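Undergrad: Before anything else, here's the structure in question.
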Amino acid sequence: MKRKQRILQLLQTKGTLKTCDISELFSVTPQTVCRDINALCVEGKARRIHGGVTLPATADNCHFNQRAQSNSSGKLAAARVAAKLVTQGQTVFFGYGSTIALVASEIEPALRFKAITNNLDVATALENSNAEVWLAGGLVRNRQRDVTGYSTANFLNSFRADIAFCGIGSINDRGDLLEFHYEEAELTRLILSNSKQRVIVADQTKLERHASVFCSKIRDIDTLVIDNAPANLAQLCRLNSVRLMPANEKNSEITTQAFDSELHFKGFEGSSGLDS
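Note that UniProt numbering has the sequence shown beginning at 1, numbered continuously upward.
Below is the structure:
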């Protein structure tokens, strides 16, 4: 029986497990355990807590779990590619969403960097790493597993980052980056504007959804990481000088080579944050 399946069985029996206990039981590192836990969370079978894992709370976390399960393999593939963009000593913004939490969990645990986030699952994913984690205060949204509000915006606006990873509700054929909620669009815009390198991490379902709150234009980011890149999206990125990094192996060699030479860092711009 695979280790992940055994962990799930124990979890269903005990309800909650500590990372250190799982590590000792299977004689593996805490980082390995975190990857197993991450996979279970992506499948909606578990939920991270401080120092361990528990069964998902169907009432409080159904919305987040449903999003995490949607095209889970595509999200994980994109997250693994995006995680490789983080380098030693950087200051890194992590935005909303289950995909961005996956990016954090896929970063090499030994890497030393500063993480700034309002995403509760990002903070949990990095707890056994060498990252210095700064978590924003504000209103906790239990279902979305994040923090939001005016104080959250003020906190995030106090930092300037080398790179930012943000999710997005949808991407339309005009290159609009859209969200479903106003506050998410505003905070994502703030994070992107306070970063030297702006990375959107998404899966192909975001090309099929129809969000209505404008966040930004695709030309305002540097890199798009996505599990599958159709031809029209590749053309859109080319026209807007955006590096496209497909996580789909079939597409990655051609498309990544085509856009590597076009990557440029747009000027470092401060942000005034949300309007008061």
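For glycine and all other residues, C-beta sits at the position ideal for the given N, C-alpha and C. Treat the numbers as computed from the prediction; the structure is a model and nothing was measured.
1. If you check the beta carbons only, do G167 and T99 fall under 8 Å apart?
2. Ignore the nearest five residues each way along the sequence and tell me which others in T148's own chain have a CB closer than 7 Å to its CB.
3. One question on the structure: do D215 and A125 come within less than 8 Å of each other, judged by their Cβ atoms?
4. Could you please give the first and the last residue of the uninterrupted alpha helix (DSSP H) stretch that includes V122?
5. Mind checking whether F180 and A153 have CB atoms under 8 Å apart?
6. Buried or exposed: which applies to Y150, given that a residue is buried once 16 or more other Cβ atoms fall within 10 Å of its Cβ?
7. What is the rounded straight-line gap between the Cα of Q88 and the Cα of D162?
8. Would L11 and V53 be called neighbours here (beta carbons separated by less than 8 Å)?
9. Any chance you could list the beta strand (DSSP E) runs of at least 3 consecutive residues sitting entirely within the region 164–191, in chain order?
10. Return the CA-CA distance between Q5 and C20, expressed in angstroms with no decimal places.
11. So S23 and T16 are in contact, right, with Cβ under 8 Å, and what is the actual spacing, rounded?
12. Could you have a look at D220 and say whether DSSP puts it in helix, strand or coil?
13. Since D146 sits in a beta bridge, which residues does DSSP pair it with?
14. So, do the region 189–204 and the region 39–48 have three or more beta carbon pairs nearer to each other than 8 Å?
15. Just confirm the distance between the C-beta atoms of I171 and I218, as a whole number of angstroms; I'd bet it's less than 8 Å.
16. Pick out whichever of S129, L85, S195, T13 has its Cα sitting closest to the Cα of R160.
17. Identify which residue in N248, N232, T223 has its Cα closest to the Cα of V242.
18. Return the CA-CA distance between E208 and L239, expressed in angstroms with no decimal places.
TA: Taking the geometry as given:
1. Taking 8 Å as the Cβ cut-off, G167 and T99 qualify as a contacting pair.
2. Excluding residues within five positions, the ones whose Cβ falls inside 7 Å are N118, G138, L139, R141, E183, L187.
3. Note on identity: in this sequence residue 215 is Cys, with Asp being the wrong assignment. No, they are not a contact pair.
4. Segment 120–125, the alpha helix (DSSP H) holding V122.
5. Cβ atoms of F180 and A153: not closer than 8 Å.
6. Sixteen is the threshold: since fewer than 16 other Cβ atoms of the shown chains lie within 10 Å of the Cβ of Y150, the residue is exposed.
7. Separation of Q88 and D162 (C-alpha to C-alpha, rounded to the nearest whole angstrom) is 11 Å.
8. Yes, Cβ-Cβ distance for L11 and V53 is below 8 Å.
9. With a minimum length of 3 residues, the continuous beta strand (DSSP E) runs that stay inside the region 164–191 are 176–179.
10. For Q5 and C20, the distance between alpha carbons rounds to 18 Å.
11. The pair is not a contact, with the Cβ atoms about 15 Å apart (cut-off 8 Å).
12. Reduced to three states, the DSSP call for D220 is helix.
13. DSSP lists N119, R141 as the bridge partner or partners of D146.
14. Counting C-beta pairs with one atom in each stretch, the region 189–204 and the region 39–48 have fewer than three that are closer than 8 Å, which means they do not touch.
15. Their Cβ separation, rounded to whole angstroms, is 7 Å, which keeps I171 and I218 in contact under 8 Å.
16. Cα-wise, what sits closest to R160 is S195.
17. Comparing Cα-Cα distances from V242 to each of N248, N232, T223, the minimum goes to T223.
18. Roughly 21 Å separates the two Cα atoms.
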